[in-house]
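A quick write-up on the structure given underneath.
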Amino acid sequence: NAGVTQTPKFQVLKTGQSMTLQCAQDMNHNSMYWYRQDPGMGLRLIYYSASEGTTDKGEVPNGYNVSRLNKREFSLRLESAAPSQTSVYFCASTLAGGGTDTQYFGPGTRLTVL
Amino acid sequence: SQKIEQNSEALNIQEGKTATLTCNYTNYSPAYLQWYRQDPGRGPVFLLLIRENEKEKRKERLKVTFDTTLKQSLFHITASQPADSATYLCALYTGGFKTIFGAGTRLFVKA
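Protein chains in written order, with my numbering: chain A, 20 to 133; chain B, 436 to 546.
The structure is reproduced here in structure tokens:
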């Protein structure tokens, strides 16, 4: 079991460029999440997918789009990158979504926007 | 809105001592509170969950307390080891599919 995998590990973009961050989980989890982590701040939820076929906004969705491709995969797209989107991005998954569910995180993608 | 405060200053302790990390929150008390460990360059890893009706939870050398009156959770690592050095995140379930995370406290355990 690989758990949650993310690609790429590192990425440098110029302002205005677009890119897609990929996430996949092999634990047969129903729910998946995208967070960003900035220095001195907690993880902030960008978007989540409660189940295959559904997506919802989190705390900081502006500038991002997501696709739940199937039960395993959940991608995050930056259409026109801005320096404010420089961050570390984590994908996570849970079996369901209640408060007792453990979140399993991927290793993260370090994104720098110049 | 719900906010979490964790001590932003790093905690330095000697091997063998007990480390105590604090998580304070505002507004309503969550039904569940979790603690995660994060190593540099890696994603967070779940450690413990405590429910609002539980005062204390233990797992090996780890102990978590939850005081809904003080709006505070304490995370203890007894007999700490250098391998315990990491950042520890407090996380509060806010309903539905949403959990908010604190910024974390870095712990350094010196041999």
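Using N, Cα and C, we set each Cβ at its ideal position, and we do this for glycine too.
On the DSSP bridge list, what partners appear for residue i?
i: S508 (chain B); result: B:C458, B:F501
i: Y67 (chain A); result: A:Y52, A:D75
i: L482 (chain B); result: BP columns for L482 (chain B) are empty, so no partner.
i: K492 (chain B); result: B:V499
Under a three-way DSSP split, which group does residue i fall into?
i: D75 (chain A); result: strand
i: Q437 (chain B); result: coil
i: A111 (chain A); result: strand
i: S106 (chain A); result: strand
i: A526 (chain B); result: strand
i: A101 (chain A); result: coil
i: A21 (chain A); result: coil
i: A521 (chain B); result: strand
Check whether the Cβ of residue i lies closer than 9 Å to any Cβ atom in chain B.
i: T26 (chain A); result: no
i: T113 (chain A); result: yes
i: M60 (chain A); result: yes
i: Q41 (chain A); result: no
Since residue i and residue j are thought to touch, with beta carbons under 8 Å apart, how far apart are those beta carbons, to the nearest angstrom?
i: F501 (chain B); j: T121 (chain A); result: Not confirmed; about 17 Å, so no contact.
i: I535 (chain B); j: L524 (chain B); result: Not really, about 10 Å apart at Cβ, beyond 8 Å.
i: L130 (chain A); j: S106 (chain A); result: 6 Å
Flag residue i as yes if its beta-carbon sits less than 9 Å from any beta-carbon of chain A, otherwise no.
i: R486 (chain B); result: yes
i: Q469 (chain B); result: yes
i: Y528 (chain B); result: yes
i: I535 (chain B); result: yes
What do you reckon, are the CB atoms on residue i and residue j nearer than 9 Å?
i: F93 (chain A); j: A43 (chain A); result: yes
i: L483 (chain B); j: L497 (chain B); result: yes
i: E491 (chain B); j: T503 (chain B); result: no
i: G451 (chain B); j: A514 (chain B); result: yes
i: Y108 (chain A); j: Y54 (chain A); result: yes
i: Q449 (chain B); j: V544 (chain B); result: yes
i: N84 (chain A); j: E98 (chain A); result: yes
i: G61 (chain A); j: G530 (chain B); result: no
i: R96 (chain A); j: E78 (chain A); result: no
i: A111 (chain A); j: V132 (chain A); result: no
i: T128 (chain A); j: L40 (chain A); result: yes
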